[in-house]
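J.: In my numbering, the protein residues as written are 14 to 194.
(1) Could you tell me which residues DSSP pairs with residue 41 in its beta bridges?
(2) Whole-angstrom Cβ separation of residue 15 and residue 178, contact assumed at under 8 Å?
(3) What are the uninterrupted segments assigned as alpha helix (DSSP H) that are 4 or more residues long and contained completely in the region 66-147, given in chain order?
(4) Quick one: using the 10 Å Cβ neighbour count with 16 as the cut-off for buried, is residue 50 buried or exposed?
(5) List the DSSP bridge partners of residue 166.
(6) If we ignore side chains and look at the alpha-carbon of each, how far apart do residue 54 and residue 64 end up?
(7) Taking the Cβ atom as the reference point for each residue, do residue 57 and residue 123 lie within a distance shorter than 8 Å?
(8) Can the beta-carbon of residue 134 be found less than 8 Å from the beta-carbon of residue 79?
(9) Just the C-alpha distance for residue 24 and residue 116, rounded to the nearest angstrom, thanks.
(10) With the cut-off set at 8 Å, would you say residue 131 and residue 121 are in Cβ contact?
(11) Distance, Cα to Cα, residue 92 vs residue 60?
(12) Check this for me: beta carbons of residue 40 and residue 98, under 8 Å apart or not?
(13) Would DSSP call residue 25 helix, strand or coil?
(14) In whole angstroms, give me the CA-to-CA distance for residue 108 and residue 31.
(15) Might you give, ordered along the chain, the residues of its own chain that have their beta carbon closer than 7 Å to the beta carbon of residue 26, omitting 5 neighbours on each side?
(16) What is the residue span of the beta strand (DSSP E) that residue 177 lies within?
(17) State yes or no: is the C-beta of residue 181 within less than 8 Å of the C-beta of residue 174?
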């Protein structure tokens, strides 16, 4: 699913305004993947990751950042795609305000923590159904993209697995455009 999400729109309704971004970078985390939160089984922290497909799994990392994942397997199987970056499409003024600093548009949602900052995504969305939640959902993207593949970024376990996907040519991609798989 991580690959299929590239080009999909992430939509957030906030105070009557739509914040929209095209997903341009993801990483897959599989059930038996030592780098996955699901590797050691279901816990209260990762419960949403074991939910139905297309639900949000939101967690706090490094004491500083919220991260959005989209569940990708049947209920009871822990797997998800981390949303690493989005290309802003609508609601840019609000995204700039939420980021709290002056940035080029392409950097508003570059990096997993910045996706959550730019879209005001936090723990309240953990477990949200992204097919029908009224405040956070996925919509079909309207442009085909060429998709690149590489190893995931910043891992020590299962670092060699080519499970990072990105829209080639997007200036919003967070990591190096090409890492050797």
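All C-beta atoms in this analysis are idealised placements derived from N, C-alpha and C, irrespective of residue type, glycine included.
T.: Working from what's here:
(1) Residue 41 is bridged by DSSP to 94.
(2) Between residue 178 and residue 15 the Cβ distance is about 5 Å, and since that is below 8 Å, they are a contact.
(3) As far as the region 66-147 is concerned, its whole alpha helix (DSSP H) runs of at least 4 residues are 105-112 and 125-132.
(4) Residue 50 should be labelled buried.
(5) Answer by DSSP bridge pairing: none, since residue 166 is not bridged.
(6) Approximately 13 Å between the Cα atoms of the pair.
(7) Contact annotation: residue 57 and residue 123 have beta-carbon atoms that are not nearer than 8 Å.
(8) By the CB criterion at 8 Å, residue 134 and residue 79 fall inside the cutoff.
(9) A direct Cα-to-Cα measurement between residue 24 and residue 116 gives close to 21 Å.
(10) Against a cut-off of 8 Å, the Cβ pair of residue 121 and residue 131 comes out as a contact.
(11) Using only the alpha carbons, I get a separation of about 11 Å.
(12) No, Cβ-Cβ distance for residue 40 and residue 98 is not below 8 Å.
(13) Here residue 25 sits in strand by DSSP.
(14) Roughly 10 Å separates the two Cα atoms.
(15) The residues are 147 and 148.
(16) Segment 177-180, the beta strand (DSSP E) holding residue 177.
(17) Not closer than 8 Å, so no.
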